[in-house]
Every structure is written in structure tokens, then in C-alpha cells.
Amino acid sequence: MSYVVTASPHLHSGDSTPRIMWNVVLSLVPVVAAAAWFFGPTALLVVLASVAGALLPERIWGRRSATRDGSAAITGILLALTLPPGIPLWMAFLGGAFGIIFGKLVFGGLGQNVFNPALLGRAFLQAAFPVAITTWPVAGGPWWGLRGDTFAIPFASPQPLDTVTAATPLGLMKFEHKGTPLWDLMLGTTGGSLGETAALVILLCGGYLALRNYLNWRIPASIFLSVAIFSGVLHLLDASRYPGPLFMIFSGGVVLGAVFMATDMVTSPVTHGGCYVFGAGIGLLVVAIRVWGGLAEGVMYAILLMNAVVPSINRITQPRVFGTREAA
Amino acid sequence: MGHLFWILLSAMVVNNFTLTLFLGLCPFLGVSGRIATALRMGLANIFVLVVTSFSAWFLNRFVLVHAPYLRLISFIVVIASLVQVVEMAVKKLSPALFRALGIYLPLITTNCAILGLAIFQTNRGYGLLEGLFFALGAGLGLTLALTLMASIREDVERADVPKLLRTQALVLFIAGSLSLAFMGFAGLGSAS
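Written as C-alpha cells, this is what we have:
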């Protein structure tokens with residue numbers, strides 16, 4: 000009889016990286032379905048293009064198992080969900096590839112990146128194609144119809160196709176001071192990116208992930224709370240200029256960002272205390288950028304900025320090793 | 000007061016010298032390996048920037064009134080020598096402070112961020128107080144960028160980075176990503 004002596008932990012939960020990742024993909028299916036419901040088959044094409052853009056570099060330069068663990072697919076789907084439905088497919092592809100290459104592969108692959116790859120791809124697209132990425136087609140219209148210059152040839156489309164565009168609820172609020180009924184925001188019958196309109200669906204999917212402990216509920220909870228507090232205080236100060244907390248939470252990408260982007264295991268803090276700090280920071284930045292910034296939406300930048308702060312948060316909230324004194 | 004606050008905030012995040020205007024990249028890439036050194040570099044930067052702001056204001060107000068074409072050369076000479084004098088004084092009066100900041104001071108004086116600050120301040124016609132807040136904001140912004148970069152680099156040291164990209168290449172990639180993230184601040188304060 001031989002005893003094998005190993006270091007703790009001794010219990011295995013049965014979870015593995017591919018299992019967690021494919022569960023996240025599964026939980027994203029209803030969100031993609033909602034996008035297809037509202038924006039037609041164009042939405043699915045955008046998702047496909049972006050996923051293909053994410054998988055290709057991962058397949059070429061990543062580890063052999065990397066495409067199979069589903070993490071690049073998640074990056075692609077999440078990126079697509081932040082894009083407008085009418086975006087040319089080659090841009091979606093490029094964004095996915097940029098996110099994976101410069102957000103993940105240069106750091107050595109899964110688990111070692113600093114910034115959320117999907118959001119980095121989105122930030123790149125926003126910087127490179129500011130017009131295409133803020134052209135929002137109206138919700139509704141013929142379901143089968145294209146929502147924009149979908150099949151444009153790269154760098155060769157001087158005249159954008161004629162499409163009926165409309166401002167997003169956030170744009171309406173920021174530039175015309177017009178509100179949108181809350182119920183429309185919850186159901187998703189408004190203009191906006193593919194996946195950020197149907198707040199209720201996202202919350203349900205996030206609830207599933209939180210129950211299985213694949214996301215830390217403290218992050219979305221503290222983001223919602225922080226957005227509610229900061230926008231609530233501003234709303235109380237001057238209700239005519241600053242929208243109320245419910246509008247702030249359910250419009251734009253707050254719900255999608257809080258549930259699926261900020262909770263990325265790699266780029267969020269490791270301690271629970273750190274998660275509260277992280278979420279509070281995101282909420283504050285979202286409100287600040289929306290209210291005082293030049294852009295209508297700031298969720299992407301807020302999360303990226305807090306991603307950059309995560310190493311510092313981890314360092315500050317590092318628990319003391321039991322039995323030791325304060326580190327000198 | 001609100002006006003001064005916006006000058007500080009704008010120089011710190013919206014027009015961050017390093018991440019938005021790409022000034023002072025040499026210390027940003029060179030001295031961002033460790034948080035402790037990055038912090039000291041940032042503090043030294045704040046100090047030199049405030050000295051710069053004061054001397055640029057002084058030169059513009061009292062010396063260069065009739066000879067604006069001497070601006071560039073006199074900025075460089077006066078700032079560099081003033082910092083050297085201050086460095087000697089610090090060395091004599093407070094050796095501890097000198098050990099913390101001293102070695103960085105001569106490195107910074109010829110930095111583009113320093114000259115950039117003097118020129119921006121002159122072009123925008125800032126007064127003494129506005130200039131000081133501007134310098135403080137720029138210095139805090141540099142410190143912020145340096146510390147963020149250093150904390151990320153300390154973490155990334157443990158990552159399995161491809162051999163080709165180790166050290167400076169990866170640092171430039173991270174700098175680019177940080178810069179993309181800071182684009183979110185664009186226009187902050189201009190709306191209200």
C-alpha cells in the first residue's frame with residue numbers, strides 16, 4: 000500500500016476550462032437568438048463573421064487545444080453582440096481577429112491577458128471606423144432585409160447604402176434629451192447593438208451562469224448598484240439634465256457589459272473584495288463618460304479602463320497569509 | 000475653482016500626456032518595470048513639471064515679452080539648469096529625498112513632456128495658477144500611466160508570452176491597448 004502525498008486542494012469540482020467556456024457559449028445562445036429575432040438574419044451573419052475572425056488567428060498561432068476550449072468563440076460572440084446590426088461583415092471579422100491577436104495571443108493565450116479581448120476588438124473598431132460602428136438601423140422593418148452595407152468589400156465602399164437609421168435610446172437622451180419607455184428597454188424593442196437591447200434575456204442568462212458559479216455575481220451586482228447610486232444622486236440634483244437610474248442601467252450596454260464582459264474570469268479581480276471595487280469603478284466611469292463625456296456610451300471604455308486597474312486591485316486586496324504579520 | 004479643476008482633470012485623463020498625446024514615452028517604456036520605481040519616476044515628473052510651469056510663466060511674463068522668438072531655446076536652457084540647481088540643493092538638504100527622486104531628475108529635464116507642457120501652457124495663455132494646476136494634472140496623469148503600466152508589467156512577467164514579443168514589443172502592445180482604453184475619456188467635460 001502506498002500513500003501518495005500531494006499538496007492541497009484534493010477535491011476536484013469536475014469543472015474544466017472547456018466545460019465552463021462551452022457553458023458560457025450555451026448561455027449566450029438565447030441572447031444571440033434575441034438578436035436574430037429583432038434584427039433578422041443579418042445579426043447571425045455578423046456573429047458568424049466575428050466568431051470566424053476570432054477563431055482563425057487562434058487556430059494559426061494559438062495552442063493546439065485553444066480553438067476547442069471555446070474561449071475564442073466566446074470572444075467572437077461577445078464582440079458581435081456589441082456591434083451594430085448593419086456593420087459590414089469584414090469589419091466584424093477584423094475586430095474579432097484584432098481582439099484575439101492583440102488582446103490575447105500576444106500575452107500567451109487564455110488566462111494571461113490583461114484586457115478583455117472582445118472589448119479590445121470593439122475599441123479598435125470604434126477608433127478605426129467611427130462612422131460604421133455608430134450607424135444604428137431602426138428596429139423592425141422587413142425581417143429578412145439587410146440592415147446596412149453588410150457585404151461591403153473591404154476599404155472599397157465610399158457610399159454607404161441607404162438604410163433607415165435611428166438614434167439609440169442613449170443617443171436620444173444625450174443629444175436630444177428624449178427618454179425611452181423602460182419597458183421597451185427591458186424587452187429590447189429599441190435601436191442599438193445586437194445584444195444589448197434585450198436586457199431581460201441577458202439577465203436570465205446571467206442568472207444561469209451565476210447559479211452555476213461560472214460568474215461572480217458580486218461584479219454585476221456592484222456595477223448595477225454603483226450606476227444606480229451615481230446616476231441617482233445626479234438625477235436628484237437636476238432631474239431635467241440627468242436621466243434616472245433605471246434608464247441608465249437598462250439602456251445601452253450596461254447589462255450586457257456587467258453580466259458577460261466584466262465578469263470574464265481572466266480580466267476581473269481574484270478576491271471578492273476586489274470585485275466590489277472593480278464593479279464600483281466601472282459604474283462610476285460609465286456614469287461619468289455618459290454624463291460628462293463626448294460619447295453617448297461608455298461601458299466598453301469603463302470596463303477596459305478597470306481591466307487595466309485589476310493588477311493593482313489584486314495587489315491591494317491580497318489577503319494576509321494566515322499566521323503572518325503585515326508585510327513589511 | 001471649477002475651471003481649475005477641469006484643467007487638472009483634462010491634463011490628467013482626457014489629454015493624458017503619455018496615453019493620448021504620446022509625450023514622455025521614454026520614461027513610460029523605460030522605467031515602468033517595477034511599481035516602486037514607476038511611482039518615484041512619476042513623483043519626480045510632477046516636481047519637474049511644476050518647476051517648468053512656474054519658470055515658463057516667469058519667462059513669458061517678465062523676460063520674453065519683447066523677444067518671443069527666443070522662447071524655445073530659453074525654455075530648454077532655463078528649465079534644465081533650474082532643475083540641476085534644485086537637484087544640487089535637494090542633494091545637500093535632504094539626502095533621503097535625493098535617493099528617492101534624484102537619479103530621475105536629470106533624465107526628465109530633457110524630456111518632450113516637459114517642453115510640451117511649457118509650450119502648451121504658453122499657447123493656451125494660462126496664468127500662474129492655471130499653469131500650476133495644468134502641470135499638476137499632467138504630472139498626475141504621467142504617474143497614473145506609469146503606475147498602471149508597471150502593475151500590468153509585473154503581472155505579465157508571469158505570463159507565457161511568445162519569445163518574439165518579450166520585453167519592449169509587449170510593452171508597446173500594452174501601451175497601445177491602454178491608449179485605446181483612454182480614448183473613452185475623449186471629450187470629457189466638453190459636453191457640460
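Taken in sequence, the protein lines are chains A and B.
Everything in the first sequence is counted per numbering that gives the first Met the number 0, starting at 0 for the first residue and increasing by one.
Everything in the second sequence is counted per numbering that gives the first Met the number 0, starting at 0 for the first residue and increasing by one.
In this text, a Cβ means the ideal position worked out from N, Cα and C, and glycines have one as well.
- Counting of Cβ neighbours within 10 angstroms places residue 91(B) among the exposed residues, the total staying below 16.
- With a cut-off of 8 Å on Cβ pairs, the region 270 to 287 of chain A is not in contact with the region 103 to 121 of chain B, counting fewer than three such pairs.
- At the C-beta level, residue 43(B) and residue 107(B) come within 7 Å of one another.
- Short of 7 Å from the beta carbon of residue 111(B), and not among the five residues preceding or following it, lie these beta carbons of its own chain, in chain order: 22, 23.
- Our two residues, residue 156(B) and residue 96(A), have alpha carbons roughly 24 Å apart in a direct line.
- A Cβ of chain B is located within less than 7 Å of the beta carbon of residue 106(A).
- The shortest C-alpha to C-alpha distance from residue 199(A) to any of 252(A), 20(A), 212(A), 172(A) is the one to 252(A).
- Residues of the same chain with a CB within less than 6 Å of the CB of residue 301(A), apart from the 5 flanking positions on each side, are 281, 284, 285 in chain order.
- For residue 317(A), the nearest beta carbon of chain B is not closer than 7 Å to its own beta carbon.
- Following the DSSP letters along the chain, one finds residue 237(A) in no alpha helix (DSSP H), marked with neither H nor E.
- The DSSP-derived three-state label of residue 180(A) is coil.
- Under the three-state reduction of DSSP output, residue 168(A) falls in the helix class.
- Under the rule that a run must span 4 or more residues, the alpha helix (DSSP H) segments found entirely inside the region 75 to 103 of chain A read 88 to 102.
- Distance from the CA of residue 185(A) to the CA of residue 34(A), rounded to the nearest whole angstrom, comes to 14 Å.
- Per DSSP, reduced to three states, the secondary structure at residue 136(A) is strand.
- Residues of chain A whose Cβ lies closer than 7 Å to the Cβ of residue 188(B) are, in chain order, 291.
- Closer than 8 Å at the C-beta level to chain A, one finds these residues of the region 139 to 155 of chain B: 146, 147, 150, 151, 153, 154, 155.
- Judged by pairs of C-beta atoms under 8 Å, the region 77 to 87 of chain A does not touch the region 229 to 247 of chain A, as fewer than three such pairs exist.
- When 7 Å is used as the limit between beta carbons, residue 24(B) is near no residue of chain A, the shortest such separation being about 17 Å.
- Residue 153(B): member of the alpha helix (DSSP H) spanning 127 to 155, first to last residue.
- DSSP places residue 1(A) outside both helix and strand once states are collapsed to three, so it counts as coil.
- Membership of residue 258(A) in any alpha helix (DSSP H) is not indicated, and neither H nor E is assigned to it by DSSP.
- The beta carbon of residue 16(B) is closer than 6 Å to those of 22, 23, 112, 137, 140, 141 in its chain, skipping five residues each way along the sequence.
- Within its own chain, the residues whose Cβ lies closer than 6 Å to the Cβ of residue 48(B), once the five positions on either side in sequence are excluded, are 116, 134, 137, 138, listed in chain order.
- CA-to-CA, the gap between residue 113(A) and residue 270(A) works out to about 16 Å.
- Assigned with DSSP and collapsed to three states, residue 213(A) falls in coil, not helix or strand.
- Going by DSSP, residue 43(B) is part of the alpha helix (DSSP H) stretching over 34 to 57.
- The closest CA to that of residue 60(A), considering only 191(A), 104(A), 288(A), is found on 104(A).
- 226(A) is the residue among 254(A), 226(A), 263(A) whose C-alpha sits nearest the C-alpha of residue 288(A).
- Straight across, the Cα-Cα distance linking residue 95(B) with residue 254(A) is about 50 Å.
- A straight line joining the alpha-carbon of residue 230(A) with that of residue 243(A) spans about 6 Å.
- For residue 288(A), the C-beta contacts it makes with chain B under 8 Å involve 183, 184, 187, in order along the chain.
- Under the Cβ criterion of 7 Å, residue 21(B) is not counted among the residues facing chain A.
- Sequence-distant partners of residue 77(B) (beyond 5 residues in either direction) whose C-beta falls short of 8 Å from its own C-beta, in its chain, are 54, 58.
- At a cut-off of 7 Å between beta carbons, residue 27(B) makes no contact with chain A.
- The beta carbons of residue 193(A) and residue 42(A) sit closer together than 7 Å.
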